[in-house]
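Chains E and F supply the protein sequences, listed in that same order.
To convert, note that position 321 of the first sequence is 1468 in my numbering; the numbers rise steadily by one, no gaps.
To convert, note that position 62 of the second sequence is 1209 in my numbering; the numbers rise steadily by one, no gaps.
The beta-carbon is built from N, C-alpha and C at its ideal position, and this holds for glycine as well.
Here's the structure we're looking at; comments come further down.
There are 2 protein chains.
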Amino acid sequence: MSKSITPQEKDYSKWYNDIVVEADLADHSAVRGCMVIKPHGYAIWEIMQHTLDKMFKETGHVNAYFPLFIPKSLFEAEEKNAEGFAKECAVVTHYRLKTNPNDKTKLIVDPDAKLEEELIVRPTSEAIIWSTYKTWIQSYRDLPILINQWANVVRWEMRTRLFLRTTEFLWQEGHTAHSTKEEAVIETEKMLNVYADFVENYMAVPVLKGVKSINERFAGAEDTYCIEALMQDGKALQAGTSHFLGQNFAKAFDVKFADKNGKLEYVWATSWGVSTRLMGALIMSHSDNNGLVIPPKLAPVQVVIVPIYKGEEGLKKVSEHALKLKADLQSKGISVKYDDRDTQRPGFKFAEHELKGIPVRIAIGERDIENGTIEIARRDLLTKEVIKVTEADNYIADLLHAIQKNLYDKAIERRTKMTSYANNYEEFKKLLDEKGGFIYAHWDGTSETEEKIKEETKATIRCIPLNNKQEQGTCIYSGKPSSQKVVFARAY
Amino acid sequence: MSKSITPQEKDYSKWYNDIVVEADLADHSAVRGCMVIKPHGYAIWEIMQHTLDKMFKETGHVNAYFPLFIPKSLFEAEEKNAEGFAKECAVVTHYRLKTNPNDKTKLIVDPDAKLEEELIVRPTSEAIIWSTYKTWIQSYRDLPILINQWANVVRWEMRTRLFLRTTEFLWQEGHTAHSTKEEAVIETEKMLNVYADFVENYMAVPVLKGVKSINERFAGAEDTYCIEALMQDGKALQAGTSHFLGQNFAKAFDVKFADKNGKLEYVWATSWGVSTRLMGALIMSHSDNNGLVIPPKLAPVQVVIVPIYKGEEGLKKVSEHALKLKADLQSKGISVKYDDRDTQRPGFKFAEHELKGIPVRIAIGERDIENGTIEIARRDLLTKEVIKVTEADNYIADLLHAIQKNLYDKAIERRTKMTSYANNYEEFKKLLDEKGGFIYAHWDGTSETEEKIKEETKATIRCIPLNNKQEQGTCIYSGKPSSQKVVFARAY
């Protein structure tokens, strides 16, 4: 167990923070609520980006870039959206600093450089993008528009946590425009499925696919689809959302198209996004008291080789074998690092690579060379075994698949254990406090009941699962009739 | 010649703007001075990014991400840097909007949400990064730090032009920390060479490598190295800069390291960047009155195939051959698009692909299939030829190399023609007005002379070339002794 990391069972929240900082993923910055994403964390995020970007392109999307700033008058055009974000907006009011006349080494905001209209730092880009789409869309021939943007956004959060809730975060936001409602709904669902595919098959995190209740809907959407994951501590985490925006933004920005008969119609819209918050979901799905655990498909380094040797001659001998093995593994498409630093001992290196979550560690010593063996340690199970070096490439390729699968299977098993069904409110509260996890319960479908439950228990409706089983019952809170159970949880 | 594009010879500046907008590279936005980078423009930028990113990683760098905002007190810590950017800073002063009490549909800045300390939207990240490095660096073991960041930055420009000078732009900024001056200088030069390699070998734009005069130095640098390119109209464009920052930022943020003997020393620094401005350099190096010309190495689509057919049966027959050709070319690593849109005629498609700069266009008609031929048009020369389809894959692979080389050769030839030597000030002014381009002239080395020449002619010293020929002479302006000729030009 790493000494620098608070054990999960002692304080899960402190454990999380320790992992983020000690595994060199991110750090707090001098700016309130903003994080620095450190090289190891950013390298994982890059793989997430590249994987998702490929998936977006394969589903017909292209990238573009829209301004960071949104003039206030555009921002307020779609009222619900504006209302939803107004309370957490960073606002640019001036465009110049000047020397402080009382202290020449200091700067002050130049009062003569006040903007006529304030600029909002984008918390999301629907407003600026739909004000642009207005100039791009005239006819059905201009549709669909299938654009994605990789960008930073700012939401002024009062309580922040590294990756999970930061004032500035990195994300991608898709913004599509369609000629029919049906096509927009299909797009919304398609992108939800892309997200689910990515989170399950790359991050090894199982998700529930569903629709949000009105209360939890994105401001300005007609429907918000989501994927919900369950963390080790039994709290839910919204891992991605895909919104059917109806014609709300088209109406706010007067974006119409001429259909094949020349009739003018408002355009239909979707938007969808995932963010650096996924890093939080990754950590809280697989990591342990020894540090980070990275699924092989997202690991910047999948295999690290550590030489065990005495003296320069010993290192030379071991290195020869290690570098050959490295080349063999690389030729199988495996990313390998040979850690031959002479400033650190093997034990230090083992602990460091464990802390940073590298899936497979190989040790090669002089005796191994004589025996034609290597020692392999897998990060997920913390087990070691000795194998023949001649079998290493196939063995390790298979092992990486096995680790990926094991992480997913363990997460599924945990979720199954942590999923409960509550038949009444007392049971519901007891489950929440004693077990946590996802709790299926009947709900009368009203926002009022949802708010009461949230007030009293801090649990929210995570989603109404897609293809949910329809069954008659009574709401656990109001006793009113209900046609289905929905999924409650306390959430990040 | 495209009707939508103003000819170069009529108005080069208008031509440039027409290319950017008509070739779907970028557009003006609703935000003063900010651009929208459209999908075609962004796709080229993505290839630039990926290529550079690979080059940075191959030279040992890793990516990270630092906050968008810089607290004013940190921003002003390095005085020269702060002074250099103070006049063009977007300043965040508030973190919330509220409903306008006089008009419930409007929002106003909430005066109760004024920040205690204003935040500067980063115009460059030395300040925020060095305030972070202070916490990362204790000993020589922590050095070097070789970090790059891909980010957006904001500089409040009064006169903006798409790609060349926008309030917000995208860039990368490398920020490295070293234990010795020598190592930092080597890094500065290494990254200048990486930039030169990229701009010459991918963008097909020849550059002069040199050092800036004090006047043109980055605010806070000890030395600014640069690459300077020459545009078609004879104006220079600074394509990238690499700064040796000395210990200026280490001193401003008190960043010291213990050397091997335990002695505390200030850390040495470099920073280096290129931006979406490179898109402007690309356009103004190769494009013509028909539209954009993209060097094959940066083209999102290198080859487009247009079917020539009559009726559905005809399309079916042509498509079969076209798709086979597409697959053949793709297996050679060539990116190919098959444009089988039935909403547009071939002539329209030809003009569109020409406008967008696709390097090679192939036309296949029903008669071609009978003859076993295809028609190939190259964008750079606007020439056409008919070749046997069986030779197509090798032929086109070679052709793409030939186009890349031809663009570079043409640019070199133009630069040679547009490079002059002035022996006195009269000659200098005449050359500037009548010919433009790079003008080598003796300079006395003083800022005063440089400023006078700039005032009187709008020409600046672009650089003092690396390994510049040392020769005795007299300054064209002051008549004082000079030991070398430096390069002047009017510049973007």
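* Is it true that the CB of residue 1169 (chain E) sits closer than 8 angstroms to the CB of residue 1152 (chain E)? -> Working through the first sequence from its first residue, we reach residue 1152 (chain E) at position 5. Working through the first sequence from its first residue, we reach residue 1169 (chain E) at position 22. Contact: yes.
* Asked: Does the Cβ-Cβ distance between residue 1357 (chain E) and residue 1584 (chain E) come in under 8 angstroms?
  -> Within the first sequence, residue 1357 (chain E) is the residue found at index 210, counting from 1. Within the first sequence, residue 1584 (chain E) is the residue found at index 437, counting from 1. It is not a contact, given that the beta carbons lie outside the stated cut-off.
* Compute the distance between the beta-carbons of residue 1506 (chain F) and residue 1550 (chain F), then report whether it is under 8 angstroms. => Sequence index remark: in the second sequence, residue 1506 (chain F) carries index 359 (1-based). Sequence index remark: in the second sequence, residue 1550 (chain F) carries index 403 (1-based). It is a contact, given that the beta carbons lie within the stated cut-off.
* Asked: Do you know whose CA, among E:1384, E:1227, E:1312, lies nearest residue 1251 (chain F)'s CA?
  -> Counting from one through the second sequence, the residue named residue 1251 (chain F) turns up at place 104. Among E:1384, E:1227, E:1312, the Cα nearest to that of residue 1251 (chain F) is on E:1227.
* With a cut-off of 8 angstroms, does the C-beta of residue 1270 (chain F) fall near any C-beta of chain E? -> Reading the second sequence from its first residue, position 123 is the one you call residue 1270 (chain F). Answer no: the Cβ-Cβ gap between residue 1270 (chain F) and chain E never drops below 8 angstroms.
* Pull up the DSSP beta-bridge partners for residue 1314 (chain F), would you. => Here the question's residue 1314 (chain F) lines up with position 167 in the second sequence. Partner(s): none; residue 1314 (chain F) has no beta bridge.
* **Uninterrupted beta strand (DSSP E) stretches inside the segment 1187-1241 of chain E (no shorter than 3 residues)** => 1216-1218, 1238-1241
* With a cut-off of 8 angstroms on the beta carbons, I'd call residue 1402 (chain F) and residue 1281 (chain F) a contact; round off their distance for me. => The residue you call residue 1402 (chain F) lines up with position 255 of the second sequence. The residue you call residue 1281 (chain F) lines up with position 134 of the second sequence. Correct: roughly 5 angstroms between the Cβ atoms.
* To do: In angstroms with no decimal places, state the Cα-to-Cα distance between residue 1214 (chain E) and residue 1327 (chain E).
  => Sequence index remark: in the first sequence, residue 1214 (chain E) carries index 67 (1-based). Sequence index remark: in the first sequence, residue 1327 (chain E) carries index 180 (1-based). Straight-line Cα distance between these residues: approximately 28 angstroms.
* **Residues within the segment 1242-1254 of chain F neighbouring chain E, beta-carbon criterion of under 8 angstroms** => 1242, 1243, 1244, 1245, 1246, 1252, 1253, 1254
* Rounded to whole angstroms, what's the CA-CA distance from residue 1540 (chain E) to residue 1524 (chain E)? Just pull it up for me. => Looking up residue 1540 (chain E) in the first sequence gives position 393. Looking up residue 1524 (chain E) in the first sequence gives position 377. Approximately 15 angstroms between the Cα atoms of the pair.
* **Integer Cβ distance of residue 1607 (chain E) from residue 1635 (chain E), believed to fall under 8 angstroms** => As a position in the first sequence, residue 1607 (chain E) is number 460, starting the count at 1. As a position in the first sequence, residue 1635 (chain E) is number 488, starting the count at 1. So it is a contact: roughly 7 angstroms between Cβ atoms.
* **Reduced DSSP secondary structure (H/G/I, E/B, other) of residue 1476 (chain F)** => Within the second sequence, the letter at position 329 stands for residue 1476 (chain F). In the structure shown, residue 1476 (chain F) sits in a helix (DSSP, three-state: H, G or I).
* Asked: On the three-state DSSP scale, how would you describe residue 1250 (chain F)?
  -> Indexing the second sequence from 1 puts residue 1250 (chain F) at position 103. DSSP places residue 1250 (chain F) in strand when its eight states are reduced to three.
* Quick one: which unbroken beta strand (DSSP E) runs of 3-plus residues sit fully inside the segment 1335-1364 of chain F? Chain order, please. => 1355-1358
* **Sub-8 angstroms separation of residue 1325 (chain E) and residue 1415 (chain E) beta-carbons** => Position 178 of the first sequence, counted from the first residue, corresponds to residue 1325 (chain E). Position 268 of the first sequence, counted from the first residue, corresponds to residue 1415 (chain E). Yes.
* Asked: If you check the beta carbons only, do residue 1295 (chain E) and residue 1348 (chain E) fall under 8 angstroms apart?
  -> Within the first sequence, residue 1295 (chain E) is the residue found at index 148, counting from 1. Within the first sequence, residue 1348 (chain E) is the residue found at index 201, counting from 1. Cβ distance not < 8 angstroms, so residue 1295 (chain E) and residue 1348 (chain E) don't count as in contact.
* **Buried versus exposed call for residue 1189 (chain F) [16 or more other C-beta atoms within 10 Å across all chains shown]** => Along the second sequence, one-based indexing puts residue 1189 (chain F) at 42. Looking at its Cβ environment, which holds 16 or more other Cβ atoms inside 10 Å, residue 1189 (chain F) is buried.
* Would you grab the beta carbon distance between residue 1230 (chain E) and residue 1303 (chain E) for me? Rounded to a whole angstrom, and I think it's under 8 angstroms. => As a position in the first sequence, residue 1230 (chain E) is number 83, starting the count at 1. As a position in the first sequence, residue 1303 (chain E) is number 156, starting the count at 1. That belief does not hold up - the Cβ atoms of residue 1230 (chain E) and residue 1303 (chain E) are roughly 15 angstroms apart, past 8 angstroms.
* To do: Could you work out which residue in E:1351, E:1570, E:1154, E:1329 is closest to residue 1547 (chain E) when comparing CA atoms only?
  => Numbered from its first residue, the first sequence carries residue 1547 (chain E) at position 400. For residue 1547 (chain E), the nearest C-alpha among the options comes from E:1351.
* Asked: Which residues in chain E sit within 8 angstroms of residue 1178 (chain F), going by Cβ to Cβ distance?
  -> As a working note, residue 1178 (chain F) is residue 31 in the second sequence. What residue 1178 (chain F) touches in chain E: 1214, 1216, 1217, 1218, 1266, 1275.
* To do: Less than 8 angstroms between the CB atoms is what I'm expecting for residue 1422 (chain F) and residue 1575 (chain F), so what's the real figure, rounded?
  => On the second sequence, position 275 is the one that residue 1422 (chain F) refers to. On the second sequence, position 428 is the one that residue 1575 (chain F) refers to. Contact flag wrong, Cβ pair sits at about 31 angstroms.
* **For residue 1458 (chain E) and residue 1386 (chain E), the rounded distance between their alpha carbons** => On the first sequence, residue 1386 (chain E) is found 239 positions in, with the first residue counted as 1. On the first sequence, residue 1458 (chain E) is found 311 positions in, with the first residue counted as 1. About 50 angstroms.
* Asked: List, in order along the chain, the chain E residues whose C-beta lies closer than 8 angstroms to that of residue 1186 (chain F)?
  -> Along the second sequence, one-based indexing puts residue 1186 (chain F) at 39. Those within 8 angstroms of residue 1186 (chain F) in chain E are 1209, 1210, 1211, 1294.
* To do: Measure the alpha-carbon distance for residue 1460 (chain E) versus residue 1466 (chain E) and round it to whole angstroms.
  => As a first step, residue 1460 (chain E) must be located in the first sequence, where it is residue number 313. As a first step, residue 1466 (chain E) must be located in the first sequence, where it is residue number 319. Approximately 10 angstroms between the Cα atoms of the pair.
* Expressed to the nearest angstrom, what Euclidean distance is found between the alpha-carbon atoms of residue 1237 (chain F) and residue 1278 (chain F)? -> Here residue 1237 (chain F) refers to the residue found at position 90 when the second sequence is read from its first residue. Here residue 1278 (chain F) refers to the residue found at position 131 when the second sequence is read from its first residue. Roughly 20 angstroms between the two C-alpha positions.
* Asked: Does the beta carbon of residue 1233 (chain F) come closer than 8 angstroms to any beta carbon on chain E?
  -> Along the second sequence, read from residue 1 onward, the residue named residue 1233 (chain F) stands at position 86. Interface residue, yes.
* Under the assumption that residue 1494 (chain E) contacts residue 1526 (chain E) (Cβ atoms under 8 angstroms), give the Cβ distance between them as a whole number of angstroms. => On the first sequence, position 347 is the one that residue 1494 (chain E) refers to. On the first sequence, position 379 is the one that residue 1526 (chain E) refers to. In fact, because the Cβ distance is near 16 angstroms, the residues do not count as touching under 8 angstroms.
* **7 angstroms CB neighbourhood of residue 1625 (chain F) in its chain, flanking five on each side removed** => Within the second sequence, the letter at position 478 stands for residue 1625 (chain F). For residue 1625 (chain F), where only same-chain residues beyond five positions count, the Cβ hits under 7 angstroms are 1591, 1596.
* With burial defined as no fewer than 16 other Cβ atoms inside 10 Å of the residue's Cβ, what is the status of residue 1269 (chain E): buried or exposed? -> As a working note, residue 1269 (chain E) is residue 122 in the first sequence. That one is buried.
* Asked: With a CB to CB cut of under 8 angstroms and the five nearest residues on each side skipped, what residues in its chain are close to residue 1618 (chain F)?
  -> Within the second sequence, numbered from 1, the residue matching residue 1618 (chain F) stands at position 471. Same-chain partners within the cutoff: 1630, 1631, 1632.
* To do: Show which residues of chain E have a CB atom less than 9 angstroms away from the CB atom of residue 1303 (chain F).
  => Here residue 1303 (chain F) corresponds to residue number 156 of the second sequence, with the count starting at 1. Correct list: 1242, 1243, 1260.
* In chain E, what lies closer than 7 angstroms to residue 1237 (chain F) by C-beta? -> Reading the second sequence from its first residue, position 90 is the one you call residue 1237 (chain F). Chain E residues near residue 1237 (chain F): 1239, 1242.
* To do: Report the three-state DSSP secondary structure of residue 1438 (chain F) (helix, strand or coil).
  => Mapped onto the second sequence, residue 1438 (chain F) falls at position 291. Looking at residue 1438 (chain F) - three-state DSSP - the assignment turns out to be strand.
* Can you tell me whether residue 1472 (chain F) is buried or exposed, with buried defined as 16 or more other CB within 10 angstroms of its CB? -> As a first step, residue 1472 (chain F) must be located in the second sequence, where it is residue number 325. By the 10 Å Cβ count, residue 1472 (chain F) comes out buried.
* To do: Kindly indicate which three-state DSSP category residue 1537 (chain F) falls into: helix, strand or coil?
  => The residue labelled residue 1537 (chain F) in the question sits at position 390 within the second sequence. It is helical.
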